[in-house]
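Remarks on the structure that follows.
Printed below as a string of structure tokens:
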């Protein structure tokens, strides 16, 4: 088909040149050329132009250029679609990564807040417990002091005897019931002395008796 088109192209080109020359000669010189020949010359010229047009359109160069244009258009369209798809995937990936990062940050902040809240609650509970213990200890000490003040000891000669349930506690953490100088001892209940770790004296001396 391509060879046929090429042959028709060259034949049409030659025919155009020939009939164009004949028509020019006939038109300007007018030397006895009859009218039918003029008509046939004009028709042949038109046919040659048509064949030339068909040959140019069907020529391999023209068709190759059109194919290349169409191919490049298809490739360009395909590249555009591919680039658009890759861009869409990239944006989706970035969006997903940002979402995961925000979620992790939110969870971390929530966990930190929870730990801080637990630590504060524990600290408050501990402080409250210590305050309660201190209050209880103060109340107990006040009660013991009250008992100490109310339970007076008695003097008998040079000895001072503790009241019932009371004892004199020495610096060595021993307690006695009778002493000669009560100012050198702590006067408290026997239960308080036991709770403080004091022990009853195993024997007496010239200054204190168990």
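In my numbering, the protein residues as written are 447 to 656.
The C-beta atom is built at its ideal place from N, Cα and C for all residues, glycine as well.
Notebook entry, point to check: Just the Cα atoms here: how many angstroms apart are residue 636 and residue 563?
Noted result: Taking the first residue of the chain shown as position 1, residue 636 is located at position 190. Taking the first residue of the chain shown as position 1, residue 563 is located at position 117. Looking at the two C-alpha atoms, the distance is approximately 45 Å.
Check: Using DSSP with H/G/I as helix, E/B as strand and the rest coil, what is residue 656?
Finding: As a working note, residue 656 is residue 210 in the chain shown. Three-state result, residue 656: coil.
Next item on the list: Leaving aside the five residues before and after residue 497 along the sequence, list all residues of the same chain whose C-beta is less than 6 Å from its C-beta, in chain order.
Entry: The sequence position of residue 497 within the chain shown is 51, counting from 1. Excluding five sequence positions before and after residue 497, the CB atoms of its chain that fall closer than 6 Å to its own CB belong to 454 and 458, given in chain order.
Check: Less than 9 Å separating the beta-carbons of residue 606 and residue 626?
Finding: Taking the first residue of the chain shown as position 1, residue 606 is located at position 160. Taking the first residue of the chain shown as position 1, residue 626 is located at position 180. In terms of Cβ geometry, residue 606 and residue 626 form a close pair [threshold 9 Å].
Checklist line | residue 639 beta carbon less than 9 Å from that of residue 647 | finding: To locate residue 647, count along the chain shown from 1; it is residue 201. To locate residue 639, count along the chain shown from 1; it is residue 193. It is not a contact, given that the beta carbons lie outside the stated cut-off.
Margin query: For residue 529 and residue 541, I'd like the C-alpha separation in whole angstroms.
Written below: Residue numbering aside, residue 529 sits at position 83 when the chain shown is read from its first letter. Residue numbering aside, residue 541 sits at position 95 when the chain shown is read from its first letter. Residue 529 and residue 541: Cα-Cα distance of roughly 18 Å.
Check: According to DSSP, which residues form a beta bridge with residue 622?
Finding: Taking the first residue of the chain shown as 1, we reach residue 622 at position 176. When beta bridges are read from the DSSP output, residue 622 appears opposite 614.
Margin query: Taking DSSP's pairing of strands, which residues face residue 634 in a bridge?
Written below: Position 188 of the chain shown, counted from the start, is the residue given in the question as residue 634. As DSSP reads the structure, residue 634 sits in a beta bridge with 613.
Item checked: Rounded distance between the beta-carbons of residue 598 and residue 609, thought under 8 Å -> Stepping through the chain shown from its first residue, residue 609 is reached at position 163. Stepping through the chain shown from its first residue, residue 598 is reached at position 152. Right, the Cβ-Cβ distance comes to about 6 Å (below 8 Å), so this counts as a contact.
Check: On the three-state DSSP scale, how would you describe residue 602?
Finding: Position 156 of the chain shown, counted from the first residue, corresponds to residue 602. Note: residue 602 maps to strand in three-state DSSP.
Checklist line | Residues near residue 449 in its chain [Cβ-Cβ closer than 7 Å; skip 5 each side] | finding: Working through the chain shown from its first residue, we reach residue 449 at position 3. Answer for residue 449: no residue qualifies.
Next item on the list: Output the distance between the C-alpha atoms of residue 535 and residue 554, rounded to the nearest integer angstrom.
Entry: Looking up residue 535 in the chain shown gives position 89. Looking up residue 554 in the chain shown gives position 108. If you draw a straight line from the Cα of residue 535 to the Cα of residue 554, it is about 28 Å long.
Check: Exposed or buried, residue 613, counting other C-beta atoms within 10 Å across all chains shown (16 or more means buried)?
Finding: In the chain shown, the residue the question calls residue 613 occupies position 167. So residue 613 counts as buried.
Note to self: Using only the alpha-carbon positions, how far apart do residue 652 and residue 617 sit?
What the structure shows: Walking along the chain shown from the start, residue 652 turns up at place 206. Walking along the chain shown from the start, residue 617 turns up at place 171. Cα to Cα, residue 652 sits roughly 17 Å from residue 617.
Item checked: residue 629 versus 615, 543, 558 and 602, residue with shortest Cα-Cα distance -> Numbered from 1 along the chain shown, position 183 holds the residue referred to as residue 629. Residue 615 is the option with its Cα nearest to residue 629.
Notebook entry, point to check: How long is the line joining the alpha carbons of residue 641 and residue 569, rounded to whole angstroms?
Noted result: The residue you call residue 641 lines up with position 195 of the chain shown. The residue you call residue 569 lines up with position 123 of the chain shown. Computed Cα separation, rounded: 29 Å.
Check: For residue 607, which beta-bridge partners are listed by DSSP?
Finding: Position 161 of the chain shown, counted from the start, is the residue given in the question as residue 607. Beta-bridge analysis with DSSP links residue 607 to 600 and 624.
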